[in-house]
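A.B. asks:
Numbering (our numbering), first residue to last: -17 to 345.
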């Protein structure tokens, strides 16, 4: 009988894997790893780190990153090219260069080319949230493509295609929709008071479109949100919200991961215990959990509580990885630079004199 890996995705501390980290990773066999700016200095260094992470486990693990562009940008320029925020891509259409859908495709495709060259396999993007007028602009703002559900649905599908044709598995986030949050879930729990009918007509639409079109070929990430009409527990640890809303109403069939367990939104649940929250998320229906802090003593405790990844979670990941690899369309360096100049440089230059704001996801 084949043993599947532990249902957690973890982040290491620095540019290289330490001996202590390696030992605990060998022992716990996490499903995957996630990179942050603290891990990314130079291209060769990132490739070496990814290779070391892969060599430390007995399976082929997903290597994740949050490379949205704009504020949420793990790859500093230089040495990497600049990528504008998704919300700035309207500059492309305004300049008559192309449609928003084309801009979203090339933004994702070129981002994906950079990631594949680094041996990263999964990008925690696109953001398919639809920001409400009273939402916190620091949390989402220019991380979102548009405040129109139909527009987000359209460009989101093209972004997913762009990532996949670069060989990168995309993660749609933040299910079932973070756009009405008025507080930052990194620090507090957003309460979404809208009715399910309202949410179905707006917030759910982009996720529904991507889920119906790509099914198990994409991954999904929960948002730490409270929808009191449905449950008194946040989405990430709510069986009702995961099964009745994300799986049934939205129709998401892929591998579902819980957003970072150390975020402030969850501290009032499971006594704020990371292992307890991990167990609750898996029991609620998440396939894996993110724990981004490099706290080695917590890795072992979390692994004990979340256990082995489910067959469904493992199989859906395999489908996503296999189909992304099959979708790769080769691109040489000259073609990359040509498309970057056409599609992304105008947005970068147009916004270069504007303050970008802080990255709410930085660790």
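The beta-carbon is built from N, C-alpha and C at its ideal position, and this holds for glycine as well.
Less than 8 Å between the CB atoms is what I'm expecting for residue 237 and residue 289, so what's the real figure, rounded?
C.D. replies: No, residue 237 and residue 289 are not in contact; Cβ-Cβ is about 16 Å, not under 8 Å.
A.B. asks: Mind checking who residue 264 pairs with in its DSSP beta bridge?
C.D. replies: Note: residue 264 sits in no beta bridge, so no partner.
A.B. asks: Provide the residue(s) that pair with residue 240 in DSSP beta bridges, ordered along the chain.
C.D. replies: In DSSP, residue 240 forms a bridge with 271.
A.B. asks: Return the residue from the list 87, 119, 62 and 287 that minimises the CA-CA distance to residue 72.
C.D. replies: Of the candidates 87, 119, 62 and 287, the one whose C-alpha sits nearest the C-alpha of residue 72 is 87.
A.B. asks: Identify, in the order they occur along the chain, each residue of the same chain with its Cβ nearer than 8 Å to the Cβ of residue 75, setting aside the five sequence neighbours on each side.
C.D. replies: Taken in chain order, the residues that qualify are 81, 82 and 85.
A.B. asks: Need the endpoints of the alpha helix (DSSP H) that residue 51 sits in, please.
C.D. replies: Element bounds for residue 51: not the alpha helix (DSSP H) but the beta strand (DSSP E), 49 to 51.
A.B. asks: Would you call the CB atoms of residue 108 and residue 122 closer than 9 Å?
C.D. replies: No, the Cβ-Cβ distance between residue 108 and residue 122 is not below 9 Å.
A.B. asks: Can you find the residues in the same chain that come closer than 6 Å, C-beta to C-beta, to residue 218, ignoring five residues on each side of it along the sequence?
C.D. replies: Closer than 6 Å at the Cβ level, and outside the excluded window around residue 218, lie 204, 206, 240 and 263.
A.B. asks: Can you tell me whether residue -12 is helix, strand or coil according to DSSP?
C.D. replies: If DSSP states are grouped into helix, strand and coil, residue -12 belongs with the strands.
A.B. asks: Among 293, 42 and 89, which one has its Cα closest to the Cα of residue 65?
C.D. replies: Checking every option, the nearest Cα to that of residue 65 belongs to 89.
A.B. asks: Alpha carbon to alpha carbon, how far is residue -12 from residue 93? Give it in angstroms, no decimals.
C.D. replies: Answer to the nearest angstrom: the Cα atoms are 29 Å apart.
A.B. asks: Alpha carbon to alpha carbon, what distance is there between residue 232 and residue 49?
C.D. replies: Distance between the alpha carbons of residue 49 and residue 232: 25 Å.
A.B. asks: For the region 25 to 73, which segments carrying the alpha helix (DSSP H) assignment without a break, of at least 4 residues, lie completely within its bounds, in sequence order?
C.D. replies: Complete alpha helix (DSSP H) runs here, min 4: 25 to 37.
A.B. asks: Taking the alpha-carbon positions, what's the residue 104 to residue 120 distance?
C.D. replies: If you take the alpha carbons of residue 104 and residue 120, they lie about 25 Å apart.
A.B. asks: Could you have a look at residue 0 and say whether DSSP puts it in helix, strand or coil?
C.D. replies: Coil.
A.B. asks: With a CB to CB cut of under 8 Å and the five nearest residues on each side skipped, what residues in its chain are close to residue 273?
C.D. replies: Counting only Cβ-Cβ distances below 8 Å, and skipping sequence neighbours, we find -10, -9, -8, -7, 242, 243, 244, 256, 260, 280, 281 and 284.
A.B. asks: Give me the DSSP bridge partner(s) of residue 109.
C.D. replies: DSSP lists 155 as partners of residue 109.
A.B. asks: Considering only the alpha carbon of each residue, which of 299, 68 and 40 lies closest to residue 269?
C.D. replies: The candidate whose alpha carbon is nearest that of residue 269 is 299.
A.B. asks: Kindly indicate which three-state DSSP category residue 334 falls into: helix, strand or coil?
C.D. replies: The pLDDT assigned to residue 334 is 46, lower than 50, so where the model puts this residue is not dependable; a value taken from the coordinates is nonetheless given after this. Of the three classes helix, strand and coil, the one that applies to residue 334 here is coil, per DSSP.
A.B. asks: Please identify the residue among 252, 6 and 191 whose C-alpha is closest to the C-alpha of residue 141.
C.D. replies: For residue 141, the nearest C-alpha among the options comes from 191.
A.B. asks: Using a threshold of 9 Å, state whether the C-beta atoms of residue 157 and residue 189 are closer than that.
C.D. replies: Cβ atoms of residue 157 and residue 189: closer than 9 Å.
A.B. asks: State yes or no: is the C-beta of residue 51 within less than 9 Å of the C-beta of residue 127?
C.D. replies: Cβ atoms of residue 51 and residue 127: not closer than 9 Å.
A.B. asks: Which residue wins for smallest C-alpha separation from residue 148, given the options 96, 63, 8 and 132?
C.D. replies: Looking at the Cα atoms, 96 is the closest of the given residues.
A.B. asks: So, is residue -17 buried or exposed, given that buried needs 16 or more other C-beta atoms within 10 angstroms?
C.D. replies: Its pLDDT being 49, under 50, residue -17 is placed unreliably by the model, and nothing is read from it.
A.B. asks: To which residues of the same chain is residue 334 closer than 6 Å at the C-beta, ignoring the five residues directly before and after it?
C.D. replies: Note that residue 334 has pLDDT 46, beneath the 50 cutoff, so the model's placement of it is unreliable and the number below is only indicative. Nothing listed; no residue qualifies.
A.B. asks: For residue 313, does the three-state DSSP call read helix, strand or coil?
C.D. replies: Coil at residue 313, not helix or strand.
A.B. asks: Return the chain-ordered list of same chain residues with a C-beta closer than 6 Å to the C-beta of residue 28, the five sequence neighbours on each side being excluded.
C.D. replies: Answer for residue 28: 22 and 100, listed in chain order.
A.B. asks: Quick one: measure Cβ to Cβ for residue 201 and residue 153, integer angstroms, because I've assumed they're closer than 8 Å.
C.D. replies: Contact flag correct, Cβ pair sits at about 4 Å.
A.B. asks: Anyone know if the C-beta pair for residue -1 and residue 31 falls short of 9 Å?
C.D. replies: The answer is yes: Cβ separation under 9 Å.
A.B. asks: Hey, which unbroken runs of the alpha helix (DSSP H) at 4 residues or more fall wholly within the region 127 to 198?
C.D. replies: List check, alpha helix (DSSP H) in window: 131 to 147, 178 to 183 and 187 to 196.
A.B. asks: Below 8 Å on the Cβ atoms is my contact criterion, and I expect residue 161 with residue 124 to pass it. Report the Cβ-Cβ distance as a whole number of Å.
C.D. replies: In fact, because the Cβ distance is near 13 Å, the residues do not count as touching under 8 Å.
A.B. asks: Determine the burial state of residue 187: buried for a count of at least 16 other Cβ atoms within 10 Å of its Cβ, exposed for fewer.
C.D. replies: Label assigned to residue 187: buried.
A.B. asks: Around the C-beta of residue 33, are 16 or more other C-beta atoms found within 10 angstroms, so that it is buried, or is it exposed?
C.D. replies: Exposed, because fewer than 16 other Cβ atoms sit within 10 Å of the Cβ of residue 33.
A.B. asks: According to the neighbour-count rule (16 or more other Cβ atoms, all chains shown, within 10 Å of its Cβ), is residue 10 buried or exposed?
C.D. replies: Buried, because 16 or more other Cβ atoms sit within 10 Å of the Cβ of residue 10.
A.B. asks: Since residue 104 sits in a beta bridge, which residues does DSSP pair it with?
C.D. replies: Note: residue 104 sits in a beta bridge opposite 46 and 151.
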